[in-house]
Structures are given as structure tokens and as C-alpha cells.
Amino acid sequence: MNLVEKYDIDGINLDFENMYEADKDCYTKLIIELAPRLREYGKVFSVDVTAPDGGTNWSECYNRNKIGKVADYVMFMAYDQYGNSDKKAGTTAGADWVEANIKKFVEREEVPAEKLILGMPFYMRIWEEKSNGDVDKKIITMKYIDNNIPQGVTKTWKEEEKQNYIEYTKGTSTFKMWIEDEDSIKAKFDLIHKYNLGGAAYWQKDFEPSSLWDLIEKETK
45 MNLVEKYDID GINLDFENMY EADKDCYTKL IIELAPRLRE YGKVFSVDVT
95 APDGGTNWSE CYNRNKIGKV ADYVMFMAYD QYGNSDKKAG TTAGADWVEA
145 NIKKFVEREE VPAEKLILGM PFYMRIWEEK SNGDVDKKII TMKYIDNNIP
195 QGVTKTWKEE EKQNYIEYTK GTSTFKMWIE DEDSIKAKFD LIHKYNLGGA
245 AYWQKDFEPS SLWDLIEKET K
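Here the working numbering is used: the first residue of the sequence shown is 45, the next is one more, and so on.
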């Protein structure tokens, strides 16, 4: 709060992750106590949360309903649908999964749509399915997509996920990648417009090609 006042910062974004479910009420209390302090200075207060359904310490540690009542914005980190802990290949943020969770926020958690900010990933994973059943994965940033698609491999469109997809074999391994690019980001903006959400957020800066900002500027006007 001292720094907010000293530098006249626009506001605070609170991002606590991997908390114990037992600390849910303590975290909610922190938010409840911080909100009026920021409001007193005319500052914006946003809180990051994960998808409503998931692991105990990853998802169930947030009281999204109360956070939505107190904070100016609730930032839905709409990633990872499939992440580092998964043993099965899958997308980082398919549009069907994103939309299903937007509905949970608005309908079940009763977070006002105009307060919900949709967080989009500027990254994806390339998955290697090995012949022994093991699965490895590596994060690929959006601006280096083309460097990670072998010559001759063709993208196909996944309609449900609203993503381009590649799959190819190398040696005894099969590689799969659900691609985050301008097409997938545009599909996520379509959801923002469809549900009249409060806006968009991104993780993380410099993972993206500079050309993506032309799309973002167009979609946020």
C-alpha cells in the first residue's frame, strides 16, 4: 500500500497460487481487508484464480463467490487444461474447456460477467508419447511455434478446442501439439464478447510475436 501511494500505481493484482484449502477463509479475509484500503485511494483491485474444478490446493483453495463480491475484477487464469503434472497429452487451453469454466464462474460461482477477466496463455506444450507409455512435455512460446514444427508436418484445425493441431512420428515417439496462435486467441476473444466479460489478460509478456498485438488492439476497442 505504501508503494501504491508513493508511485501512484493504478492498482494491485493479487496472485496467490498452490495454497492449502484450509487457508481459503484466511485468504478471503485478506482480500476483504485489502479491498477498502485500495478503494480509499481510488485504485483497482484484481485477484487471480484458477478454474473452479480441480485439485484441492490448486482450485478448491479459492472462494470465488466472495472474491467476486469484493474485488473489482476476478482474473480467470484459463490455463493449464493439461499441464506439467498430467501424464496424458492435451491442450493448454481449449476453447470448449474455457467456455465451460466461464459458465461455472458466472452461473455457479455467481461472479458478475463484467468483473471476470479472461486470462490467455501465450504458450503451449509439445508432448512426446514414448513407446513405453511415458509422456514428456516441453513448453513452447507462441513466437517460436514455427521453429518447433518439422518440415512437411501439416496443421489441422480442432473445431471443439478452436486450435490448430499437429501430430507426427519421430523414431518410436509420437509428438503432439495443440497450438496457441492468432486463431486460438481470436476464438477466446469471441468468448469474451459472447459473455460480455470485463476484459482480457495474458501470460506472459514477450512469449508472443509482436504481430499478435494488432489482433488484441482490434478486439479490445
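Heads up, the beta-carbon is just placed ideally off N, CA and C, and yes, glycines get one too. Keep in mind it's a predicted model, so treat the numbers as computed, not measured.
How about residue i and residue j: are their beta carbons less than 9 Å apart?
i    : j    : result
P194 : R152 : no
W201 : D227 : yes
L160 : G112 : yes
A245 : M164 : yes
T213 : M168 : no
K181 : I170 : yes
D116 : V88  : yes
N128 : S90  : no
I236 : L259 : no
Assign residue i to one of three DSSP states: helix, strand, or coil.
i    : result
K249 : coil
A122 : coil
A214 : Going by the sequence as given, residue 214 is Lys instead of Ala. Note: K214 maps to strand in three-state DSSP.
Y188 : helix
Taking the alpha-carbon of residue i as reference, which of the options has the nearest alpha-carbon?
i    : options                : result
D92  : D69, N107, M119        : M119
I184 : E205, F89, T198, E252  : E252
G196 : E211, F233, E204       : E211
G55  : S254, F149, Y64, L82   : L82
G242 : E224, F149, E205       : F149
C105 : C70, L235, Y209, E261  : C70
V41  : R108, F166, G177, N176 : The structure shown has nothing for residue 41, since the chain only spans 45 to 265.
W247 : L235, E224, L259       : E224
I53  : Y85, G177, H237        : Y85
Less than 6 Å between C-beta atoms, sequence neighbours within five positions excluded: which residues of the same chain meet that for residue i?
i    : result
V114 : I75, I76, A79
G263 : Checking the sequence, you will find Glu at residue 263 rather than Gly. Within the same chain, E263 has close Cβ partners F233.
Y239 : I146, A157
K199 : N208, I210
Where do the ends of the beta strand (DSSP E) carrying residue i lie?
i    : result
D178 : Taken as a continuous stretch (DSSP letters only), D178 belongs to no beta strand (DSSP E), as it is neither H nor E.
P165 : 160-165
C206 : Before going further, note that residue 206 is Lys rather than Cys in the sequence given. Neither: K206 is in no beta strand (DSSP E) and is coded neither H nor E.
K202 : 200-202
I16  : The structure shown does not extend to residue 16, since the chain is modelled only from 45 through 265, so no value can be given for it.
G55  : 55-58
D92  : 88-93
Starting from the C-beta of residue i, find all residues in its chain whose C-beta is less than 8 Å away, skip the five residues before and the five after it, and write them out in chain order.
i    : result
S103 : T94, A95, P96, D97
E173 : A133, V179, S217, T218, F219, K220
K110 : T72, I75, I76
D67  : C105
What is the residue span of the alpha helix (DSSP H) that residue i lies within?
i    : result
D234 : 226-238
E143 : 139-147
N109 : 108-114
D69  : 68-84
V48  : 46-51
L256 : 256-263
In its own chain, which residues sit with a C-beta less than 7 Å from the C-beta of residue i, not counting the 5 before and 5 after it?
i    : result
Q125 : G134, T135, T136, A137, G138, W141
M45  : R81
E205 : T135, G138, A139, D140, W222
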